[in-house]
Structures are given as C-alpha cells and as structure tokens.
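Here the structure comes first, spelled out in structure tokens, and everything after it is commentary.
There are 4 protein chains.
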Amino acid sequence: MIVVMDKGATEEQIEEVIGKLIGLEFNVHRSTGAVHTVLGAVGPAELVDPEEFKVMDGVMECRRIMTPYQLASRSFRPAGTVVRLESERAGTVEIGGNAAIVMAGPGGIEGEEQILKSAEIVARGGARFFRAGGLRPHLAPQQIQPLDAATLKLLRKAADLYGLLLAVEVSETAQIGLAEEYADMLLAGSQNMQNYALLAALGRSGRPVMLKRGMAATVDEWLVSADCVLSGGNGNVMLCERGIRSFESATKNTLDVTAIALVRKLSHLPVLADPSHATGRRDLVAPMARAAVAAGADGLLIDVHPDPDHALGEGAQSLKPAQYAELMLQLKTIAAAVGRSL
Amino acid sequence: MIVVMDKGATEEQIEEVIGKLIGLEFNVHRSTGAVHTVLGAVGPAELVDPEEFKVMDGVMECRRIMTPYQLASRSFRPAGTVVRLESERAGTVEIGGNAAIVMAGPGGIEGEEQILKSAEIVARGGARFFRAGGLRPHLAPQQIQPLDAATLKLLRKAADLYGLLLAVEVSETAQIGLAEEYADMLLAGSQNMQNYALLAALGRSGRPVMLKRGMAATVDEWLVSADCVLSGGNGNVMLCERGIRSFESATKNTLDVTAIALVRKLSHLPVLADPSHATGRRDLVAPMARAAVAAGADGLLIDVHPDPDHALGEGAQSLKPAQYAELMLQLKTIAAAVGRSL
Amino acid sequence: MIVVMDKGATEEQIEEVIGKLIGLEFNVHRSTGAVHTVLGAVGPAELVDPEEFKVMDGVMECRRIMTPYQLASRSFRPAGTVVRLESERAGTVEIGGNAAIVMAGPGGIEGEEQILKSAEIVARGGARFFRAGGLRPHLAPQQIQPLDAATLKLLRKAADLYGLLLAVEVSETAQIGLAEEYADMLLAGSQNMQNYALLAALGRSGRPVMLKRGMAATVDEWLVSADCVLSGGNGNVMLCERGIRSFESATKNTLDVTAIALVRKLSHLPVLADPSHATGRRDLVAPMARAAVAAGADGLLIDVHPDPDHALGEGAQSLKPAQYAELMLQLKTIAAAVGRSL
Amino acid sequence: MIVVMDKGATEEQIEEVIGKLIGLEFNVHRSTGAVHTVLGAVGPAELVDPEEFKVMDGVMECRRIMTPYQLASRSFRPAGTVVRLESERAGTVEIGGNAAIVMAGPGGIEGEEQILKSAEIVARGGARFFRAGGLRPHLAPQQIQPLDAATLKLLRKAADLYGLLLAVEVSETAQIGLAEEYADMLLAGSQNMQNYALLAALGRSGRPVMLKRGMAATVDEWLVSADCVLSGGNGNVMLCERGIRSFESATKNTLDVTAIALVRKLSHLPVLADPSHATGRRDLVAPMARAAVAAGADGLLIDVHPDPDHALGEGAQSLKPAQYAELMLQLKTIAAAVGRSL
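Okay, structure coming up:
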C-alpha cells in the first residue's frame, strides 16, 4: 500500500495513518519529501480496501502496490499447478499439463435416457469429463432444482458407463458432502464466486475445485476467491472464464479471452473457458472454443445435448451431437498449432 | 414473443416454431406477409429466453414483447404496495407510503458496546430501522461470519432499547428460520439476487423482504427475482438499488439513480437506495442520499458507525455520528421538496 | 508514479527505469527494501501511462499516485471557478455560483417557427440559455447537418428575442470561428471529448466552453480533457455529465449522478447534467433533473420541443412545454432545499 | 418495428401511431387481439429509435424486428466482400479472401530513421500493410499531431521501399484529400466511429476504408456506421475490432473476440482485430492475435517498434522486432488450422 499525504498534512495525521497500517500488520517505510510525505507499506497480502485510508484526514491518495491475492499468484508456484485425477474407469487425467481437456454435457438434467445418451456423445467426441447442470422440470430458469442423491447416482452411472470423470456444481455448503460422494470434481458457479462460506468449505474438500468467474468480477477479485479455497488446504483449484457482462447485448455475455491469457501470467492455476454460457448461442460456440485454446486455455466446458431444440434449458447454447463431434476435431488442430494435444 | 421467420423459411420450419411456442403455453397469432411470416405469441409471462427460438432453423429474429416479470409489474397493482410493520416498541412504520424511511447501522458487528452505541445514534437521527452487516473479526472482507443466535439477540436488544425495527440479512435458506425469530425484516443481498432457492424460501416467510439488486443485474432481472419472492405468497417485498458495476472505478459502484425512477414506473413495489455501498466513500454518501430521495426513492440504507476510522469493515463508507445527524436534517428538506415527509 | 521492482531485479534494470523516469522529467526517490526496491517518482502531472513501465524488465508493478490532470484539479483553485457571461439582452449569468442555471431547447433544428416557439417556451420557464442540436431534415440520426451561418443567425435571433444566451455545439475545428460570431458559449459533445485538436482550438477561444463527458470516459479522462482546454488559456470551462454506457439498456444511458458529486470535489470547474440524453425518455427527465440538482449540479441541459411527438429527432426525450414549465417549478424547490436558487 | 398497444388504448391512439409509422415509410400490418392491438411495421431499414413510439400515449411496448443496418448486412451480399488492392510495388492483396493479412507499424511517428526501420521489420515478418499512428513529439497522448504532407511522403517512401501497402488514419474530413494522395487505404479510428460527416466523406472516397469499432459501440451501431460509408458508394469497407470498455481494468480494453465471429455472420464485410490497442500490453498481444485468427478474423493490426522501451507513445503495447517475427510464424500455424493462409 502506498499512502500519499496532503501537502499540509500534520504530523498527527501522518502518525494516525502509520498507526492504522501497523495495526493491520503492514511494515511501513516513511519518505518525507519536499512537498508530500509518502508512506510505503508492505504486508502479507493487500486485502484491505485502499478507500479505508483515502477517507482519513490528511490523506491525498492511497493505492495498492501488491496483488490482493497471494497463494494463487504465479510467483507462489512459478512452474504452474497440474491437477491430476486418477480413476479406474477413466484413467489418469491432468488439467494444466500439456493436454487441453474438455468437459461436456447438457445444461439441464431431464431424465435417464437423456443423461445416458449425452454421456455417450460426450465420450465419443473425446472429452474426459461429463458435466450436467441442474434438474430442469421446465424451461424457466427460476425452476432449477439442486441435485439429489438419485440424480447424482444417475450422473455417476452415466460417467462410469462411458469412462468419463464427473464434475458437479455445488451452490450451498450443505450440498458438498453428498456431491463429494459421487463426483470427481466440484464446481462453484459464477453466482457463487464471492460466496465466501462456500469457498471456505470447498477449501476443506478432498476433491479438485473449479471456480467460475463471476459475471461482474475483476480478475483480481477472482484470484482473491481462489485464494480463499487454496487457504483451506485444497491445492487442486482450477479457474474457468465464462463471460463477463458488458454493454454489448448481442451475445449473452462477453467471453473475456484476454483474461485467459492474463490469468496464466498472474497465476499458477489452470484456467478453462466456457464458450457456451458466454455466448448463449450455439453458432458462436465453435469459434470461441477455438479462440480460447489459441489464447492458451487449459480446457473447455461445452454444452452438448442429444436434441437441443427440445431441451428444457440452455438449448440455444447447446451443440447438436454432430456439431460437437466436428468441434472436437477442429480443437485438436488448434491445440496442435499452439504445441499442445487435446 | 415475436418470431420473424426468414424470407425462405419453409412451412415445416414455421410449424416447428409454432409447435414449440404452443408447447410453452403461448397463444400464437400467425401473420403471413409478402416477405416474412411473423408469429406473435402471447403467454402468461415471458420467462423463456428468445435465443431458444433464434437458433431454430428458418428463424430470423425473436424478441420479447411482454415483460419477463408479472406479479412485480405496476399493472398488477397500479396503486402501489405499501409495506406496513407494526411493533409495540417501534410503532407503525410504512414503506412505500408518503414518508421516506431510513434504515441505518454499522457495516460490521464488532461487539456489544459498538452495537448499542450504533443503535442509539441511529435512533437519535430519526431512522426507523436498525440494520447491521455480518460479524467481523477482521478487516478482510473474506472473514465475515454469518449471524448466530447470540448476535441476533444482541441486535434485537439494541433495536428494542431505542425503539427501532430490525432488518437482518440472510444468505442461505437455512438461516431464515433463526432470522425470522429476531428480525422484523429480512434482506437478500446483491450477491444472492439470483439465488432462486433462497428467494423461494423468502417467498414463504411471514416477514417483509428487501431484495437488493445484483451489481450486474438488469432491471428486468431484478423484477423477475422479485416475482420469485412474490409468487411464494409473500406480498411484502421491497427493492433496494445499491450500485451497479460500470467501467468507472473512481467509486466502488455506480449508483443507478435512474433505475429508482424507472422501477417506480415499472413496478408497484417500494424501492430504496443504498448510497453507502454504492459509493464506498463517506464523503459521497450525503449527495447521493439526497439525489435518491429527489428521484423518488421510498427510503435509504445508510452505514453509520460510532468511530468509522477504527471500524472493522466498511469504515470508509460509514458516516460519523455527526455527519449522519446532519444528513438526516438535509433529507427532511429534500423529502419536503418532493412532497414527502421523512 | 510508484514503480515496484521485482524481487530479483538487477541494478541495471533499476537504472533503466530511473533513466526513463528522469527523461520524462520526474523526480525520483529510490527506496531499497529487504525484498523490493520501490521508486517514487513525482512529476508535473502524470500523463504517462503506467503500462509503459510495467512492461519493462524487472518491473513488478507501476501505479500513478498523482492525478493525471492538473489545471482542472480543485487544489489548483480551491474556491471554485465561476463562469460569468454578460450580455445586453440577457443580463449577467453566472455558472458555478449560488444559482443553478438551465439551458434548454430542441434536440434538432427543423425551421424558423419551431426555433422561435422553442425559445419562447424556454425563456418563459426561466432558463437562461437557449441551446439547439443540429439541423435535422429527417429522423435518422445519421442525417444531422452541421450548423451554417443562416441557422446560427436564426438561433441568435431567437435567443435575443427572448432575452436568452446562446450555446452552440461545435464538432470540428473549422466550425469554431463561425460559431464564436453568433454564440455566447461553445459546447464540445461527448463524441468529441477526446478530440484533442478540437480541445486545443477551444482553449484558444474567447468563449466559455462546456465539455460533455464521453459515454465511456472515466472521470480522470474527462478532467484530462478539461486540462487540454484550460492549458490553451481559456479558463472558462464547464463540465457536463450526460450519461455513461453500462450493461443496463432499459434507459439510453446511465446518468452517473455520483460523478457530479465527485467532480465537485476533484475539480474547481462547474459541472452540469443532461438528463435528456442520459435517459432518452421524457418521463424520466424530471426525476433525474431533480436528482442532479440535489447531488450538487450547477445546472442542467434539458431538451424541450413545442410538439415532441412530431419532432424530427430526440422527440422521445424532449419535454412537452407544460412538462418543462412544471419541472422548472420543481427545480426551484429542490435548489432551495440545498441552499441554492435557480 | 413491432408496436404493442396498451389494453385500454383508444382507436385514436392507435391511429396516431399508425400515422407516425406511415409517415416514416413503414408498411403497417394491424393485428387486433383479444387484449392487445399489435402493429407490425416493416420499413427499408429500422433506423428510427423505438423510444419515439414508446413515449406515445397508449403504447405499451415497441421493439425493432429488423436490423437497423441494411447495406452492411450479410443478406445483402451472402458470398462476402473481398477488398482487393493492386499496386506495382506491393502486388495484389485481398482482404476477406482465404488469406488473413497483417498490417503493422509503430504507434507513433518519431522520425525518418524510425519509420524506415519499422517498415523494414514489418515487411521482413510478412505483413502486407504498413500503418503508423500520429506524429508524436512527446509521450503524452494529448500531443499527437495530424499527419502533414511531409510525413505522408515519408510513410509512402517507407512503404514503397519495402513493398508494402500504406494505411493511414484520418480524423477530419479536411484530411481525406491529402491522405488519398499517399495512402492505399484510409482508417477511421474508434473515436470517430460515429462522426457521420467523416463517414459520409469516406463513402465518397475511391480508397478502401477500415472502420474501427468505438470502444463503447454495440455491434449494431458499428454496422450502422458501416452502412453510412457504403451508402456513399464506396463498397470497399472493412471492420476492425479494437477492444471495448468493460469494468475490467486489468487490461486497457476488453478485446471482444466474440464480436469478430458474430460480425462475420451478420455482415458480408471483412473484419480484422487490433490486439495491441485492445490489451495495451505487449505480452498479451501474441495470445490475442492467435485467438482472433482462430475465431475467424480476416486480419490483424499490430503495433511493432524498433525499440519500444524508448518509443514516444504506445511503447507498452508495441512488440519488439523479434517478438513480432515470432508471432508471424505462430499465426501461420493458427491460420492453417482454420483452413487459411497468412
């Protein structure tokens, strides 16, 4: 934290600021210039809001100089994190290694036949993970139900049948225990990116965790949230860019492809992209999936449905089986062009 | 919903769209023009995403024509909703009536002395509601704790002592029961504006509910969320604008004052404003509080702290006791200028 | 500018940064810490982009500590600027003084009758300035014509007839000379906020200049643009907030009322608001005009048209004569509530 | 345009709306339903703002159903536009054909040596166009000078020497004549995307025109601007996505890669990307250039400088010569992966 004092700041005001910094465990270096006194403060991580200092008497400006996150920072683990999952039926899968990986499945769960068929399509295309959204009795998004044991059992059965790993979204702390029983990986959705109680609980989980970016969250805030999971002791954290909200409404969200490239520099954590939720339109999923891999994404989340025109939710953004199969072939070429496999 | 078919759309494609609309309980009017066939579809409420039709073969364009919300719409109750609370100690308070009301209190709960002192300041200034944020053992925002029974009891005691009503935020379904025991009003925070499980549970509550706008939520999405609470049978719903995220980072958020005026036209629900969270800076709270009332807000949420420079959270945006008292006087004048009391 | 060097930055890298800072006329203070070397650099104004340093080898972080503007800063003239215009027919008008002022007129120029009628309505309501948009032969916004001498003469005649001052928008350097002949004040529109050639030319003008905020411009960028005009020697600069673009599309733009309050703290320049362009809807103009004055605006720009339903442009956002008259009465009350006149 | 009338709309109100639609050359189809009367109106292009109808008495809702642009629409020329340039020294270059093309050069013009050296680097890497920003006597962005004849002559000389085509930005109508003499292609910058006088003049030019997207412009607005150029008779129009402004400030702008894929569907015009201005950081240029090509961009604008650490402007976002050469090799691989050459 750098605090620049006003021209006329009194000694008392300067002392007040120094006292507050020290109380927050910062080391403070004071530099008395001809015009302004500048306080340079270094602490373990800069979570404190600079506004807390800006409103103090005699303070002209206050800025963070260190990142507000620490454990998620690239400097914490320069070589990068590779999340490794092993399973009897699905073999070994690494996320963050040389191979880009794909997680695919339908946006909503409509019944056993749809789920089994979806898993078959997903596996045939070459994805390693099966992922399905919430229970959908109806098209309205307000009607999504949380996953119960019977549904989780069905998802597990589908994944096992086709040699896939299973990723499941959790939205309340109370769901984690059940989800851990059935799933290989837990997802925190974008709406929960700053649900700190949930993040803390995921930090205590033995399962790898994928943290989706909130649709109005900065990259800094996203990595602070990753820190929350990491600080619980769970080092198997992955990030997923899924579109931010901008003024442009021609697409559902704006896939922040730059953030993928940026996060790979700022953090050691693997980062994936979800072009389906970002665009909301199946005809834009393929180009954005290619773009994400070209920018360096470690993987993709893709919505695919046996019959999207009759899907109970997320139909518009779900690929048809043939489109998905074709995309997977395209992605292998793009991955190769950036020196990776798929 | 209006669906415009492509020039060369086949009869089969048109039938496919009509079939999907009817399956979703829309009444469909078909208009065959020289160039385009246009399908006008009217349903109970337009929750379905137009994208679901845009991706169908032969469809050129699809647009909603009705609002996606229904119960929250002004046309549902043209006279407007007045939420009325009665209490032995605090008397009768109406929200949405002639008087604009103020809810105030500290951003974080630090201990009994701080809470009692805060309630005293709040009451002395003329606010009718006491409101306090989460338990704060530390300045970092990730450390907030949910409210437990002991804390709720303390808040209740403080409110009662000074003749105030008590508003409490809930963030998980499981917290509602306990909160209802102690609080006069429940708040759903901006992070939970689309937590549909929580909204459904609040719809079954006997307590009035205040629904804060998500920081990246459109007015339409906000009113759809209000519909979710209303459809559970709880008619005592209020809205609160607390700042949206824009490109401007000079303030924490951008208070969307226009949305206050707009929502009063679109909806019958009372709408309040939270200038403290919106600006994040105590020196901007007073002008924005005045602006909100001038634009027609039915009330305000204001952060006030006995000693904000030493607050464990939200200190920068909390008014000092004297600033709060002065603001309350200013607000009476502004309220009078728009024909209201405070 | 604060430059924080990497842990392992070499002496050579540090010297390279210091050399670049000195070359840009910064005074550099070096602070060698246990872990990081920190360079504090103070210059005349911080126009240089911190990114220029961030990409240098060995640099971890770089932040501005001073504002990037200087002449527009409140500290440059703490008492505030009052722009004073004197005219035989309109008397003396001050902007930035105790009285909030109103500039009003139609969004497009359609003919002599419309202009004369508009000026009469504007004057009768109590506004001091007449302002009219471009020549409009058609509703499409792409058809606006720049003002020619005949039109300027007409506007001058209308203003003089009703004792009003005249404000005219200029969009190219070449238009300034002609506009100065007829107008009392020149406006730079939001699309031209960063047209630095135009700003420089306005800085050499003898007429007061109003600088509208770009719809995607930060407050810092706006004040840098004001600096460009001021540095040309023209001290009579005013600012006008006219709505920013956010994700919310329920209104044309989002009037950033907070920016009005903020700019009054950051700058000594008067700041006005344009609720007509911000909302794009006449039914929201009155509440937002009240909000702006309550937040501290020094004046308003309001679109009013003798018959907006048949206007050739900006009709939706133009007040009807009776609505305008009523609003002017409301504004007097709000102005009084914040200790001002109108 | 679809206009939905209120439940209780009178026959007179309906007639008023129909009259206004007909006056704007719409064909109106009236559909009288049990509850609402719906007016379907089809016109040559939907430039008129729906708000103009929304504020009329008796109108409940009004929505565009056709795109507001026409000539730029893909349906106008389904096969796509290929802009072809022929030159003695540079040979034939096609934009929008199978080959993706690169335009490169420094962000600012500092002198003859820098320009000649830049052109040499640009040509050696395989780009076909030389492009250089404004005259830069100083790092501050406010000091950019428009191009004079001597500078244009220098740029032409550099381009010719190395067999490159020359693209030059124009920002005022008066500059077009001179620029046409020296340049093979004219650029309209993002600040001028809605400078309709300039667009009209470019529509009368014999030179191909590249239209950069405004940083707060929707895709619809961008294509309306392209329509303005096309309607002047100049069919050689190209688009360039250069980053939009979002809440994320970790990068200068947010490159809207999705818009590239979307515009290729909506329009027949070639679309390029400018990753240098979008990211503002040279370490992110390569991944974003790859992403743009993978998403279907027809070309790229890239800032390259012989010595960016000492550049007078845009240094942070300019590639070093070796980085540029390496990127060009990477891009060939990505282009091949999507079935194109470079």
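Residue numbers (my numbering), protein chains in the order written: chain A, 1 to 342; chain B, 343 to 684; chain C, 685 to 1026; chain D, 1027 to 1368.
Virtual Cβ for every residue (Gly too), placed ideally from N, Cα, C.
Note that the structure is a prediction, hence the values are computed from the model and not measured.
Check: CB contact below 8 Å: residue 609/B versus chain D; Outcome: no
Check: Completely contained alpha helix (DSSP H) runs for the stretch 97-131 of chain A, where each covers 4 or more residues; Outcome: 112-125
Check: Residue burial classification, residue 772/C (beta-carbon count within 10 angstroms, cutoff 16); Outcome: exposed
Check: Whole-Å CB distance - residue 1223/D paired with residue 992/C, under 8 Å assumed; Outcome: Not a contact, Cβ separation roughly 26 Å.
Check: Beta-carbon proximity of residue 100/A to residue 164/A, cut-off 8 Å; Outcome: no
Check: Opening and closing residue of the alpha helix (DSSP H) in which residue 1017/C lies; Outcome: 1005-1021
Check: Short-range partners of chain B found in the stretch 48-64 of chain A, where Cβ spacing is below 9 Å; Outcome: 48, 49, 50, 51, 52, 53, 54, 55, 56 and 57
Check: Proximity below 8 Å, CB of residue 902/C to CB of residue 597/B; Outcome: no
Check: Endpoints, alpha helix (DSSP H) assigned at residue 151/A; Outcome: 149-161
Check: Nearest neighbour of residue 421/B, chosen from 370/B, 439/B and 380/B [CA to CA]; Outcome: 439/B
Check: Buried versus exposed call for residue 184/A [16 or more other C-beta atoms within 10 Å across all chains shown]; Outcome: buried
Check: Per-residue contacts from residue 282/A into chain B (C-beta, under 8 Å); Outcome: 397
Check: DSSP beta-bridge partners of residue 512/B; Outcome: 530/B
Check: Chain B contacts made by the stretch 1262-1278 of chain D, where a contact means CB separation under 7 Å; Outcome: 1271, 1272, 1273 and 1275
Check: Proximal chain D residues relative to residue 287/A, where beta-carbon distance stays under 7 Å; Outcome: 1287, 1321 and 1322
Check: Stretch-stretch touch, CB-based, cutoff 8 Å, three pairs: the stretch 1294-1312 of chain D with the stretch 1261-1269 of chain D; Outcome: yes
Check: CB-CB length for residue 779/C against residue 835/C, believed under 8 Å; Outcome: Going by Cβ atoms, the distance from residue 779/C to residue 835/C rounds to 25 Å, so no, they are not a contact pair.
Check: Option in 244/A, 66/A, 93/A and 215/A with minimal Cα separation from residue 691/C; Outcome: 66/A
Check: Cutoff 7 Å; reference residue 1226/D; Cβ partners in own chain excluding five residues on either side; Outcome: 1254 and 1258
Check: Residue 829/C - DSSP class collapsed to helix/strand/coil; Outcome: strand
Check: Proximal residues of chain D, C-beta to C-beta of residue 256/A below 7 Å; Outcome: 1274 and 1280
Check: Residue-level contact to chain D via CB, residue 373/B, 8 Å cutoff; Outcome: yes
Check: Delimiting residues of the alpha helix (DSSP H) encompassing residue 643/B; Outcome: Residue 643/B -> not in any alpha helix (DSSP H); beta strand (DSSP E) instead, spanning 641-645.
Check: Cβ pair residue 38/A, residue 17/A closer than 8 Å; Outcome: no
Check: Members of the stretch 1337-1358 of chain D near chain C, C-beta cut-off 8 Å; Outcome: 1341, 1342 and 1343
Check: Residue 1318/D versus residue 1139/D - alpha carbon distance; Outcome: 32 Å
Check: Alpha-carbon spacing of residue 528/B relative to residue 510/B, whole angstroms; Outcome: 5 Å
Check: Under 7 Å from the C-beta of residue 382/B: neighbouring residues of chain D; Outcome: 1057 and 1064
Check: Length-filtered (3 minimum) beta strand (DSSP E) runs lying within the stretch 353-386 of chain B; Outcome: 369-374 and 379-384
Check: Cα-Cα separation, residue 979/C to residue 1018/C; Outcome: 10 Å
Check: Own chain residues within Cβ distance below 8 Å of residue 910/C, not counting five before or after; Outcome: 753, 755, 756, 895, 921, 923, 951 and 953
Check: Residues of the stretch 408-427 of chain B whose Cβ lies closer than 8 Å to any Cβ of chain C, in chain order; Outcome: none
Check: Contact list for residue 903/C against chain B, beta-carbon separation under 8 Å; Outcome: 590 and 592
Check: Contact set for residue 61/A: own chain, Cβ-Cβ below 6 Å, skip 5 residues either direction; Outcome: 4
Check: Pick from 373/B, 666/B, 497/B and 550/B that is closest to residue 444/B, judged by C-alpha positions; Outcome: 666/B
Check: Members of the stretch 1-21 of chain A that neighbour chain C once the beta carbon cut-off is set at 7 Å; Outcome: 2 and 4
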